[in-house]
Amino acid sequence: MMTQNNRPSFLLEEKLTYKLRGIFIKVNKEYGHLFKESVYQKLCKEGFLNQGIKFTSQQKIPLYSKSNQVIGFYIPDFIIEGKIIIEIKAQNQISDTHVNQLIRYLKMTKYKIGLLVNFGTPMVQIIRKVYTKH
272 MMTQNNRPSF LLEEKLTYKL RGIFIKVNKE YGHLFKESVY QKLCKEGFLN
322 QGIKFTSQQK IPLYSKSNQV IGFYIPDFII EGKIIIEIKA QNQISDTHVN
372 QLIRYLKMTK YKIGLLVNFG TPMVQIIRKV YTKH
């Protein structure tokens, strides 16, 4: 894929991630930062549906050990088009614990991209993490 300046783009799922960011920014602009996570999850669902983005919510996915054994399960807020894990937060800040948790989930599942989205601050915070050593 090439960018507008004819430089190669190496971001995984760049267009889809861009579209998702637009939804999160719109939700933040329209509803602010004072609601619970469950409210933002519902607003994001509405945004995904309006944009024709396929998703599952609260889907139970297995966590694998290095020996490929199922050692537990993880239930992300959303899985977008079978490619991107999304975790929604409504905290006054994103902690290292939240980020590290997302990275661990990427390492222990088949997914390569994770977005940690925090609506708990005046400007939505979106952290994108990629893990490709599967």
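The sequence shown begins at 272 in my numbering and counts up by one.
Built from N, CA and C at the ideal position, the CB exists for glycine as well.
Nearest to I355 by alpha-carbon distance, out of V388, N339, A361, is V388.
Boundaries around I355 are those of the beta strand (DSSP E), 355-360, since no alpha helix (DSSP H) includes it. Contact between I342 and Y335 holds, with the beta-carbon distance rounding to 7 Å and staying under 8 Å. D348 counts as buried, since no fewer than 16 other beta carbons sit within 10 angstroms of its beta carbon. For T288, the uninterrupted alpha helix (DSSP H) segment begins and ends at 285-302. For K400, the three-state secondary structure derived from DSSP is strand. In the structure shown, S328 adopts extended strand secondary structure according to DSSP, grouped into three states. By the Cβ neighbour-count rule, K360 is buried, with 16 or more other Cβ atoms within 10 Å of its own.
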